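Residue numbers (the working numbering), protein chains in the order written: chain A, 1 to 360; chain B, 361 to 726.
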């Protein structure tokens with residue numbers, strides 16, 4: 001986080017010292033390494049020229065609201081990617097915790113209330129439920145981490161298994177008390193207000209409170225990643241587990257804790273998700289991990305392991321949401337959205353790997 | 361280093377552009393721009409509605425585009441908010457989570473005074489949608505009377521079996537064993553079809569003095585097999601049938617004698633599985649298979665004799681109802697008046713609520 005102006009001066013001073021060939025390489029490398037951002041800039045300008053509405057305060061409020069909703073899961077899953085792993089169970093874990101939160105926080109007088117004898121929805125109860133679902137997420141994450149670390153299983157396999165198990169629990173839970181798979185709705189006003197209540201208005205669009213929570217989460221994760229020994233250990237294990245072990249890092253606990261922390265984040269994501277959809281169905285959270293992984297990868301959290309930054313993740317989530325918002329506003333049928341998203345992920349990864357290949 | 365720099369420049373450019381853009385006015389105000397939100401892109405029946413609706417909207421001169429939510433309610437709400445921010449002034453919504461009036465209310469709230477036409481997927485069960493529709497005069501629902509398809513399917517099954525009891529009862533034990541393919545857990549349509557498809561058939565069998573239908577697997581207390589992905593897919597139905605055949609087949613004298621499916625997609629999967637085993641083709645024994653929707657493929661199968669019957673969900677009728685309502689609303693009419701103005705015997709306004717329109721089902725057999 002150095003002064004950007006100083007950096008520009010530094011770069012231009014360095015640039016003057018280069019010879020003609022190196023100067024050319026400076027530009028080609030510069031363009032290739034930043035191709036994604038250049039393309040995004042062109043895309044944003046194009047969208048703005050065709051749809052002036054794209055660049056209004058209301059539109060910006062809509063964008064940051066979406067970013068805030070997608071950030072927690074990406075922040076969680078990023079840790080798993082730093083360890084060269086992945087997490088396929090993220091979406092289902094958030095689906096499960098969304099369901100738990102919804103039934104715990106239904107309106108007291110709601111006719112189809114799942115559990116009749118629950119306390120009145122007060123701020124204390126909401127916080128307790130939030131902690132509860134975060135804990136549920138963390139426990140599933142702990143299971144993931146334990147199996148990855150203890151048996152040296154690839155996280156792909158472990159989290160695939162927990163994804164299925166979690167979905168099974170979701171289906172079973174939706175069938176309880178004669179609910180017969182019906183979606184959970186009738187969320188209490190207090191819960192909706194706590195998560196989705198108006199923080200402030202931008203243009204004529206309300207920015208919900210979970211944007212503030214997302215900012216707090218970013219601060220927390222930034223602190224954990226950069227200022228704690230756990231964070232440093234995570235990067236050490238990610239870049240070379242053997243070397244980390246030799247230098248005294250507890251690889252087992254680092255892996256377990258990274259997954260547990262990730263699980264806690266999915267738990268929180270689920271807590272918000274119910275309010276965002278207005279109700280929770282068994283399909284809630286389906287495939288949510290795909291977007292989270294994509295955001296991390298676009299933001300430079302590499303599957304090579306040991307690299308990534310919180311700012312990169314935020315940028316990745318922003319890029320994905322900008323594409324979504326822009327294409328929706330342009331009225332492009334969403335079939336092409338998938339193609340564009342796929343192409344961007346591919347480009348981002350290829351460009352990312354190119355840096356490593358050049359280094360070697 | 362450079363990457364961060366570029367990112368920073370990008371952000372600066374965007375923020376700058378943001379404020380530049382603020383002063384600009386919206387697109388032409390009086391132009392109607394509709395956005396159609398679909399719960400999922402690959403649903404067979406909805407694809408035929410979409411084809412018809414695109415044509416109808418073009419003919420009506422309404423600008424439109426299609427958005428797919430990939431079976432994700434939160435994503436659909438994001439799409440709706442984004443489309444509104446982008447200047448859409450008519451929402452046509454195929455809600456993802458059917459049976460949750462709160463979600464419908466959230467969408468209406470997000471829309472503000474923009475009219476919302478919900479269609480196909482019911483926003484509430486057992487009349488729980490009436491309150492939302494009555495409270496919000498900008499919203500209406502165009503769909504089908506969910507239980508009707510189940511009743512119609514059940515009647516068709518009952519009539520067919522009574523007429524062909526001896527042929528259908530393959531092992532001659534006097535009881536028809538059936539399999540039931542459910543499209544999705546918790547979906548209103550799926551629930552009703554699963555229930556009435558069997559109940560109504562049983563009522564007819566009983567009246568004719570025959571034994572009631574018996575679910576083929578005594579250990580399955582649910583009496584149905586459901587697409588775990590909630591996608592009403594042919595694939596899921598085919599895989600279930602292939603697995604069922606391992607234990608339940610002619611050699612063991614416990615062959616499944618009737619298959620009831622929540623939709624035609626699943627019925628197609630079942631027919632494919634049966635045909636792999638040599639049934640339902642070339643003069644072989646036909647295990648009766650029933651679906652709902654009357655998709656082109658299902659109609660072809662019925663005409664070949666590989667499938668027995670389906671319930672026609674009128675895709676063109678649905679599309680015409682939506683487009684005509686959209687046109688009336690664009691012309692300044694309220695949703696209630698728009699629905700009331702639809703003069704066509706394919707449609708009828710619901711008895712419990714005047715902003716709810718039903719498109720009629722019709723049985724389809726060879």
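Glycine is no exception: its CB is placed at the ideal position from the N, C-alpha and C atoms. This structure is a prediction, so every number in the text was calculated from the model and none was measured.
- Per DSSP, residue 309 (chain A) lies in no beta strand (DSSP E) and is assigned neither H nor E.
- Put simply, the CB of residue 597 (chain B) is far from chain A, with every gap to its CB atoms at 8 Å or more.
- Nearest CB-CB separation between residue 603 (chain B) and chain A: not below the 8 Å threshold.
- C-alpha of residue 219 (chain A) to C-alpha of residue 75 (chain A): approximately 11 Å in a straight line.
- Cβ atoms of residue 205 (chain A) and residue 58 (chain A) come within 8 Å of each other, at about 4 Å.
- With a threshold of 8 Å between beta carbons, residue 546 (chain B) makes contact with chain A.
- By the rule that beta-carbons nearer than 8 Å mark a contact, residue 566 (chain B) does not touch chain A.
- Interface criterion met: the Cβ of residue 426 (chain B) is under 8 Å from a Cβ in chain A.
- The Cβ of residue 434 (chain B) sits closer than 8 Å to at least one Cβ of chain A.
- Contact annotation: in the segment 277-289 of chain A, residues whose CB is within less than 9 Å of a CB in chain B are 277, 278, 279, 280, 281, 282, 283, 284, 285, 286, 287 and 288.
- Within a 10 Å sphere around the beta-carbon of residue 25 (chain A) sit fewer than 16 other beta-carbons, which makes this residue exposed.
- The secondary-structure analysis by DSSP pairs residue 398 (chain B) across a beta bridge with B:428.
- Comparing alpha-carbon positions, the option among B:535, B:481 and B:569 lying closest to residue 409 (chain B) turns out to be B:481.
- Contiguous alpha helix (DSSP H) elements confined to the segment 165-224 of chain A occur at 189-196, taking only those with 4 or more residues.
- Counting only runs that start and end inside the segment 415-476 of chain B, the alpha helix (DSSP H) elements of at least 4 residues fall at 433-445 and 461-471.
- Using beta-carbon distances, residue 325 (chain A) counts as an interface residue toward chain B, with a partner under 8 Å.
- Taking the CA atoms as reference points, residue 32 (chain A) sits about 12 Å from residue 353 (chain A).
- Remark: C-beta atoms of residue 544 (chain B) and residue 652 (chain B) do not approach each other more closely than 8 Å.
- If you check each beta-carbon in the segment 329-344 of chain A against every beta-carbon of chain B, the ones closer than 9 Å belong to 329, 330, 331, 332, 333, 334, 335, 337 and 338.
- Distances from the alpha-carbon of residue 145 (chain A) to those of A:5, A:238, A:126 and A:263 put A:263 closest.
- Around the beta carbon of residue 116 (chain A), fewer than 16 other beta carbons sit within 10 angstroms, so the residue counts as exposed.
- In the three-state DSSP reduction, residue 600 (chain B) falls in the helix class (H, G or I).
- Per DSSP, the beta-bridge partners of residue 502 (chain B) are B:479 and B:717.
- By the Cβ criterion, the segment 677-685 of chain B is in contact with the segment 499-508 of chain B, since at least three pairs of Cβ atoms, one from each stretch, lie closer than 8 Å.
- Taking a beta-carbon distance threshold of 8 Å, residue 194 (chain A) does not count as an interface residue toward chain B.
- Between residue 483 (chain B) and residue 686 (chain B), the CB-CB gap reaches or exceeds 8 Å.
- Assignment of beta-bridge partners to residue 539 (chain B) by DSSP yields B:619.
- For residue 576 (chain B) against residue 608 (chain B), the beta-carbon gap comes to about 6 Å, under 8 Å, which counts as contact.
- Sequence-distant partners of residue 639 (chain B) (beyond 5 residues in either direction) whose C-beta falls short of 6 Å from its own C-beta, in its chain, are 645 and 647.
- Straight across, the Cα-Cα distance linking residue 337 (chain A) with residue 563 (chain B) is about 49 Å.
- Closer than 8 Å at the C-beta level to chain B, one finds these residues of the segment 59-84 of chain A: 59, 60, 62, 65, 66 and 69.
- Beta-bridge pairing by DSSP links residue 106 (chain A) to A:187.
- Within chain A, no C-beta atom comes less than 8 Å from the C-beta of residue 475 (chain B); the nearest is roughly 18 Å away.
- When the five nearest sequence neighbours on each side are left out, the beta carbons in the same chain lying within less than 7 Å of the beta carbon of residue 315 (chain A) are those of 299, in order along the chain.
- Nearest to residue 426 (chain B) by alpha-carbon distance, out of B:401, B:712, B:591 and B:405, is B:401.
- In the three-state reduction of the DSSP assignment, residue 673 (chain B) falls in the strand class.
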